[in-house]
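J.: The structure follows.
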Amino acid sequence: MPETKVNSFLNKLQSTRVNPAGDIPDITGISLGDFQVEKRLNIPSGEADIYLCSGQGVSSGKSFILKYYRRENAVKIPVLKKLQEIRNPCVAPLAGYGDHLGHQYAVLPYYKFPALSEALKAGTRFSEEELRQFVIPSVISALKAVHDAGIIHKDLKPANLIPDDAGEHVVLIDFGISSDAGTNTLVVTETGMTPIYAAPEAIQGIFHRESDYYSLGITVFELFTGFTPFQNAGLSAEEAARMASVSRIEFPDGFPSELRKLVLGLTYRDLSHRNEPDNPNRRWGYNEVERWLRREDLPVPGELSGGEFAGAMPSFPPYGFAGTRYTEVSALVRAMLMHPEAGLRELGRGILTHHFGLCDAAREQLCREAENDLQKSPDIIGEYGVFYRLMYRLSPDTAALFCGGREFKDFRELGDMAVSAAIKCSQSFQSPAKQVTKGDVKTETDADTGISSQESFTEELRLMLKSGFLDFYAEEILKSQAARDILVRISDAISRQETAGKEKSDRGERTNNNAVPHSLRLNLETAWIFGYGFSERREICFHGKVFPDAAALSRRFKTLEADSGFPAYMSYAEEGRQDLEFFAAVYPDEAGRESLKDVLTDLNRAVFGEGEYQFRNARAFDDYISLLVSENRPYEARFILNTYGDALKAVSHEVWKTDSYEVLKRTVSGFVSFDEHLFTSIGALRDYLSGLVEKYQRMPEFFRTFIEVHERPLKRYLKHPDLAEIVNRILALGNVGKDTEPEILQKGITVAGMRYPIVKPLAPGDYMRFGSYLQEDGINRTLLEWLVLDVSGNEALMISRYALASRKFHRRSIAVSWKDCELRKWLNGPFLEETFSAEERLRIAVSRLSNDGNPEYGTPGGGETQDRIFCLSIAEAQRYFPNDAARKCQPMDSAVTHDSFISDGCCYWWLRSPGYNRLKAAIVSSDGKPGLYGVGVNGSPGGVRPALRMLLKV
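The numbering used here applies: residue 75 is where the sequence shown begins, and numbers increase by one.
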């Protein structure tokens, strides 16, 4: 660079050099890394305090500027790291950065000349040649360097341009609000950029590399004229920036034509062709400015060859949305209504507003008003309402309705779809298909029925209703008062259902029989109500079965009662009580509503517990107790008395006005108990014991177990004169001794005095006795039976025949795996020590368990363990049992507690695999089905069915 030109350019800056003011004590005097803070400068900055520093160590003898940021996390660390790697004389090198007392700081070189903004304030203006020779080449070199590093500056302006001390380059400084774009060319963010220099897309929070070049165009204009194109004392910076996004730049007289071309090229607003390097109608970037500097004749985007502004921009520039480019507003609106979630994002980010700002001021204003309404919306429902209304205002000729990604010509067609969606969703809740997760909500999906799409439809339909959009559609699009009246009735019905549900919840009543998530239930009910309002369809879905109308469902109830009796009828109706209450309230035909109310009336009868017993009246109850006695089921009668005694007494006296309670009490008092067995008399008990002796007298192992289990009542009845003889005989038959060797329950056979021992090896399906379990009295022990699941070499994999205990998987409701749960510690600690003798423990191998995760939900299993006693995994429970019936498990007396879950004499039992998440553990349910979703680790106690690998030879 010729020395005369350098001096000429720098002389303009000498009189405007910044003279730092006095010290302001803050961090002055401290050392930060290799930098000694000398004094604070009075350079105005809205984001940081500015200090003069001196270098130490390798930086000794040099001066630096330290920016100490007021706001925490003010500077993005990825930007700082990339800046340190840039080696370009036009980019201020980052000497260092760090954190002090919770605030970031960055260290830059100290330049003796002022920023270009200070020169402008002093009245300095820069000629076209000075801009061409000194400013523009340096700035585009700096921008290329930072863009290549993946950084978008976002605040290019004269205040961030400063000459280096040698006067050879203009340096780009201040990356405080810059963003790390990575490999992207676009960043969406809220930022503190200076609005009057910002590109139209930047005002909406969207930054491209081209956005920095737009700022360069405004900067060039100001450096030449001394003011920005849209500078107006009556407008705020933000208002001026918005005017710039829709207005044309007016150039003052005497503005050089070549410089005008540069400014127009850099500030071209349409970015639809930004990725088409050969398209002349695109904003200029590095390559175009380089060619301009070489004085090539470039066409100005948006102008004819003669230089006259021709509005070359199409009436609606192509808009990319959901992988498609749209050239018509109506087509774009239709696409956004098909994908409202994505469309709402486009509106919220200002992309839609910006696009219409390029071509249609009226529609831009509609979008801008919608953006403001979005800011005021209290929730997502309000935001969707704003979006839907905007779409139909952007395209007034659009008359169809859109919901769930489908188009409907009118309300009736939408109502028909609402009923179809409600049916499919109801069926999915009754008979769930493959379960998947969506965020923190469990949903169902089925490739054949499209259940997931049906749920999306019901969710969007509810948004459309609750947001008031459908009212808007009926009034402004259809101009139909009839449709408006129907919508009012639908909204009232939905509000009544929501109020009723809340009141039930406040009273502590169960409001969801089918365990359907609350939000999905609301969507489902909305679909039914809307469908009944606009469609002529009258189907009802109950227990997963579709009935053509309410009358057909009522006939089903009557048939069930006639064929299976009142308890079955009551059970069937009670399981769907919530659905009955819902349809009885919203079904559109009065006769249908009344028929469903009749069923609800039947449900208001005497229901014992959670539906274990149900009786129409006292006579039905007395008849049932008589049936129990006649069928020799006294234990059930005693259960009813013990469980429901106080309540039954009140119902008998206050509701039924009978002595049913006293009759039951007298009946039960005459029963004779033998542990869990009840007998109508001593004679019946004697007959029972005599039958056992006659049947099993050749099987002493039976009586050994029988005595272990029933030692207490046998001792009691040994003194009864009518039972002493038979009890003594049982005691004589029993063998209370216990071998240390495991006892295989299959014996040899003798024919004609010849003994044929067992020759086949131990095999899956055999039962063995091994170990003994201490009962709750702390004295008596029960010989344990084990089912052989697999035999491999010298080891037999076995599982207890019965559930031995009732315990929780873990003591607290936290995310826990088998490796860390309390159940594992108990099995390999107290249970192992108390159940097996020292000799028996030598036969129990140490098993290395892989602990696989949940195959359905992907929940990790938690890592390998080495255990002697363990629970089966999901895979093992499915592999070693042929079917659900084989997996069913009865609990021993020691495993039955007041809060155990028993169904048909069987309980659910724990697996070691995780469930839906680690707050749950998988189980085998009482009906033998693997429960992969699981039960809470600290929920109701489950049955413990230990497994082990026994060494056949020691």
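Every residue, glycine too, gets a C-beta built ideally from N, C-alpha and C.
1. Go through its chain and collect everything with a Cβ distance to residue 374's Cβ below 7 Å, but skip five positions before and after it.
2. With distance defined between alpha-carbon atoms, name the residue in 145, 104, 135 and 132 nearest to residue 125.
3. Candidates 192, 134, 158 and 107: which alpha carbon is nearest residue 118's?
4. Quick test of your reading: residue 1021 and residue 872, contact by CB under 8 Å. State the CB separation rounded to the nearest angstrom.
5. Would you grab the beta carbon distance between residue 270 and residue 304 for me? Rounded to a whole angstrom, and I think it's under 8 Å.
6. Given 7 Å as the limit, tell me if residue 693 has its C-beta closer than that to any heavy atom belonging to the ligand HEM.
7. Under the three-state reduction of DSSP, which class applies to residue 172: helix, strand or coil?
8. By the 10 Å Cβ neighbour count, where 16 or more other Cβ atoms means buried, how is residue 1018 classified, buried or exposed?
9. Run the CB neighbour count on residue 910, radius 10 Å, all protein chains shown included, and call it buried at 16 or more, exposed below.
10. Who are the Cβ neighbours of residue 404 in its own chain at under 7 Å, not counting the five residues just before and after it?
11. Mapping DSSP to helix, strand and coil, what is residue 428?
12. By Cβ distance, which residues of its chain are closer than 7 Å to residue 457, with the 5 residues on each side in sequence left out?
13. To the nearest angstrom, report how far apart residue 159 and residue 400 are at their CA atoms.
14. Once DSSP output is grouped into helix, strand and coil, what is the label at residue 536?
15. So, for residue 1025: in the same chain, excluding its five sequence neighbours on each side, which residues have a beta-carbon less than 7 Å away from its beta-carbon?
16. Are the beta-carbon atoms of residue 647 and residue 677 separated by less than 8 Å?
17. Excluding the 5 residues flanking residue 297 on each side, which residues of the same chain have their C-beta closer than 8 Å to its C-beta?
18. Please give the ranges of any beta strand (DSSP E) in the stretch 725 to 795, keeping only runs that are unbroken, at least 3 residues long and fully inside the region.
19. Straight-line CA distance for residue 185 to residue 479?
20. Taking Cβ to Cβ, would you say residue 876 is nearer than 8 Å to residue 771?
21. Alpha carbon to alpha carbon, how far is residue 129 from residue 341?
22. Just tell me which of 165, 161, 113 and 169 has its CA closest to the CA of residue 132.
23. Taking the continuous beta strand (DSSP E) assigned at residue 856, which residues delimit it?
24. Report all residues from its chain with a CB closer than 8 Å to the CB of residue 862; omit the five preceding and five following residues, and keep chain order.
25. Residue 881: buried (16+ other C-beta within 10 angstroms of its C-beta) or exposed?
26. With a cut-off of 8 Å, do at least 3 Cβ pairs link the stretch 689 to 705 to the stretch 604 to 614?
27. What does residue 1013 pair with, by DSSP beta-bridge criteria?
28. Which two residues bound the contiguous beta strand (DSSP E) that contains residue 940?
29. Would you mind working out which of 949, 740, 729 and 730 sits nearest residue 712, comparing C-alpha positions?
30. According to the Cβ coordinates, are residue 243 and residue 289 closer than 8 Å?
31. Compute the Euclidean distance between the alpha carbons of residue 112 and residue 127, then round it to the nearest angstrom.
32. Do you know how far the Cα of residue 484 is from the Cα of residue 644?
33. Would you check if the distance between the CB atom of residue 534 and the CB atom of residue 477 is smaller than 8 Å?
34. With distance defined between alpha-carbon atoms, name the residue in 353, 788 and 742 nearest to residue 763.
35. Under a Cβ-count criterion, where at least 16 other Cβ atoms within 10 Å of its own Cβ denotes burial, should residue 1011 be classed as buried or exposed?
36. Look at the alpha carbon of residue 171 and the alpha carbon of residue 944, and state the distance between them as a whole number of angstroms.
T.: The short version:
1. Once the five neighbours on either side are set aside, the close Cβ partners of residue 374 are 335, 338 and 339.
2. Ranked by how close their Cα comes to the Cα of residue 125, the residues 145, 104, 135 and 132 have 104 in first place.
3. Residue 192 is the option with its Cα nearest to residue 118.
4. 7 Å between Cβ atoms; contact.
5. Between residue 270 and residue 304 the beta-carbon gap is near 7 Å, inside 8 Å, which marks them as a contact.
6. Ligands displayed in this structure: none; no statement on the ligand HEM is therefore possible.
7. Correct three-state label for residue 172: strand.
8. Buried.
9. It is buried - the Cβ of residue 910 has at least 16 other Cβ atoms within 10 Å.
10. For residue 404, same chain residues with a beta-carbon under 7 Å away, outside a window of 5 residues either side, are 469, 471 and 472 in chain order.
11. Note: residue 428 maps to helix in three-state DSSP.
12. Counting only Cβ-Cβ distances below 7 Å, and skipping sequence neighbours, we find 418, 448 and 451.
13. Near 42 Å, if we compare the C-alpha coordinates of residue 400 and residue 159.
14. Secondary structure at residue 536: helix, using DSSP grouped into helix, strand and coil.
15. Here the set comprises 868, 869, 917 and 919.
16. The beta carbons of residue 647 and residue 677 sit closer together than 8 Å.
17. Excluding residues up to 5 positions away in sequence, 190, 194, 199, 200, 205, 209 and 232 lie with their Cβ nearer than 8 Å to the Cβ of residue 297 in the same chain.
18. For the stretch 725 to 795, whole beta strand (DSSP E) runs of length 3 or above, ordered along the chain, are 746 to 748 and 751 to 753.
19. Between the alpha carbons of residue 185 and residue 479 lies a gap of roughly 59 Å.
20. No. Outside cutoff.
21. It is roughly 41 Å from the alpha-carbon of residue 129 to the alpha-carbon of residue 341.
22. When only C-alpha atoms are compared, the closest one is 169.
23. First-last of the beta strand (DSSP E) with residue 856: 855 to 866.
24. These residues qualify, in order along the chain: 836, 837, 838, 839, 840, 841, 842, 870, 871 and 872.
25. Residue 881 comes out buried.
26. Taking a contact to require three or more Cβ pairs closer than 8 Å, the stretch 689 to 705 and the stretch 604 to 614 do not qualify as touching.
27. Checking the DSSP bridge columns, you'll see residue 1013 has no partner listed.
28. That run of the beta strand (DSSP E) goes 939 to 941.
29. Ranking the options by Cα distance to residue 712, first place goes to 740.
30. Not closer than 8 Å, so no.
31. Approximately 5 Å, taken between the alpha carbons.
32. Answer to the nearest angstrom: the Cα atoms are 41 Å apart.
33. Judged by their CB atoms, residue 534 and residue 477 are nearer to each other than the 8 Å cut-off.
34. Answer by Cα proximity: 788.
35. Residue 1011 comes out buried.
36. Distance between the alpha carbons of residue 171 and residue 944 is about 55 Å.
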